[in-house]
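Convert by adding 23 to the 1-based position in the sequence shown; the result is the number in my numbering.
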Amino acid sequence: MPELPEVETIRRQLEPDLVGRRFESVEVLDPYFSQPSTAVLFERAAEGSEVVDVGRRGKYLVFEFDDGNSMVIHLRMTGSLTLVEPDGSLNPGDPRIEPPATGAGNGAGPAPGDRHLRARFMLDDGGRLLFSDPRRFGRGFIAGPEALDDYFDSRLGVEPLSPEFTVEAMAAMTEGRTGPLKSFLLDQKGVAGVGNIYADEALFRARLHPLSPGESMKAEHHRALRDGVVESLERGLDLGGASIDDYRDARGDAGKMQHEFLVHRREGEACPGCGEPIVRIVVGGRSTYFCPACQKRLRRRPRRRAGRPLRKRAR
Ligand SMILES: [Zn+2]
């Protein structure tokens, strides 16, 4: 599933080419894409709109229109957005020709005639934006500014690459959380945009065991985890994201982060810190990779019971 670095890579590629462009026509080819809205309502709301900004919130792409509404696209498991230039190439200056219309075949990302094509946006300069999604979990919707704020406020927490993601914010978010740190990082209401890959990488960088309870962290751990999240996301961004299964960027290219994973998907391989084998466990139904030697398992802090002084530990 594309996480923050993958979605942000796409956003950065689309922004210069889409801002100032108008959607001349919009076709929703799969009614699942626009659910719960109908395909016709979605098409009517998007057609004729000029894109004035391409933003991102968590793992959502936000295309702001000149009428104040925004089109939001969530790629979910296997969704991809490809921008095809007016001349049929996927990227200005890229010598590749548009793939044949009979399926994705040549490894250059979703082809326009791809059977997984779910929505097509024709631009006023002759280019087109294609949304392709083999597993059909990806969704798009259009909302006004207030509805959009409500939508994100109820689902998403702090943006980890924003100035608001401070050590103090990390301390406040994890206070009283008894669940594992891995689960905390995957909860979009805490840190928005982190998924399975970058959660493992961040915990390794922070030298924290994925099963440690959030509330067991001390000040140094809050700082280490905050820094681990930021560094792992920035590394992913530098490498154009990670392509494990289907992820391709807006030009049809794979990312390179999967070659640089420190622990994720490296079960049995040597830890880059100490050389011990990396272990895989399942936390909250998700495969989780870590080094048992480098990543410290913190204990739950004893709770002070109401009305009773905290008992001193015998020495
Ligand atoms: Zn290690």
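Using N, Cα and C, we set each Cβ at its ideal position, and we do this for glycine too.
query, result
"So, for E292: in the same chain, excluding its five sequence neighbours on each side, which residues have a beta-carbon less than 8 Å away from its beta-carbon?", "P300, I301"
"Confirm, please, whether the CB-CB distance from V49 to A69 is below 8 Å.", "yes"
"Pull the bridge partners of M12 from the DSSP assignment, please.", "Residue coverage of the chain in this structure runs from 24 to 338, which leaves residue 12 outside it and unanswerable."
"Measuring only from the beta carbon, is G296 closer than 7 Å to any heavy atom that is part of ligand 1?", "yes"
"Helix, strand or coil: which one does DSSP assign to D117?", "Because the pLDDT at D117 is just 46, under 50, the model does not fix this residue reliably, and the value given afterwards should be weighed accordingly. Looking at D117 - three-state DSSP - the assignment turns out to be coil, as it is neither helix nor strand."
"Which same chain residues, not among the five before or five after E31, have their C-beta less than 7 Å away from its C-beta?", "R79, L260"
"Buried or exposed: Y270, going by 16 or more other Cβ atoms within 10 Å of its Cβ?", "buried"
"Between which residues of its own chain and L27 is the CB-CB distance below 6 Å, once the five residues before and five after are set aside?", "G216, L256"
"Relative to the C-alpha of Y174, which candidate in K212, R200, Q318, L285 has its C-alpha closest?", "K212"
"Would T298 be called buried (16 or more neighbouring beta carbons within 10 Å of its own) or exposed?", "The amino acid occupying residue 298 in the given sequence is Gly; Thr does not appear at that position. That one is exposed."
"For E254, which residues in the same chain have their Cβ closer than 6 Å to its Cβ, ignoring the five residues on either side in sequence?", "R228"
"In chain order, what residues of the same chain have a beta carbon less than 8 Å from the beta carbon of G150, not counting five sequence neighbours either side?", "D40, R44, L106, V107, E108, P109"
"One question on the structure: do A364 and L234 come within less than 8 Å of each other, judged by their Cβ atoms?", "Look at the range of the chain in this structure, 24 to 338, and you will see that residue 364 is not part of it."
"So, for V42: in the same chain, excluding its five sequence neighbours on each side, which residues have a beta-carbon less than 8 Å away from its beta-carbon?", "V74, V75, D76, V77"
"Nearest to D90 by CA position, among S112, F46, G202, is which residue?", "F46"
"Short of 6 Å in beta carbon distance, which residues of its chain neighbour R141, apart from the five on each side in sequence? Order them along the chain.", "L52, D53, F56, F154, D156"
"Going residue by residue through the region 156-183, where are the continuous beta strand (DSSP E) segments of at least 3 residues, counting only ones entirely within it?", "162-166"
"What residue does the alpha helix (DSSP H) around T32 start on, and which one ends it?", "27-41"
"Kindly indicate which three-state DSSP category Y312 falls into: helix, strand or coil?", "strand"
"Quick one: measure Cβ to Cβ for L248 and A225, integer angstroms, because I've assumed they're closer than 8 Å.", "7 Å"
"Compute the Euclidean distance between the alpha carbons of R274 and R288, then round it to the nearest angstrom.", "26 Å"
"Can you look up T125 in the DSSP assignment and give me helix, strand or coil?", "Summary for T125: the model assigns pLDDT 41, below 50, so the residue's position carries little reliability; its value from the coordinates is reported in the next sentence. Three-state DSSP puts T125 in coil, outside helix and strand."
"CB-CB under 7 Å to R230, same chain, minus the five flanking residues each way: which ones, in chain order?", "A247, C317, Q318, K319"
"Rounded to whole angstroms, what is the Cα-Cα separation between M240 and E187?", "20 Å"
"Would you report the Cα separation of R324 and H245, rounded to the nearest angstrom?", "15 Å"
"State the Cα-Cα distance for the pair C294 and F160, rounded to the nearest angstrom.", "35 Å"
"Does the distance from the C-beta atom of M196 to that of G218 stay below 8 Å?", "no"
"Taking E299 as part of the beta strand (DSSP E), name the residues at either end of that continuous run.", "Premise fails: E299 is in no beta strand (DSSP E) and is neither H nor E."
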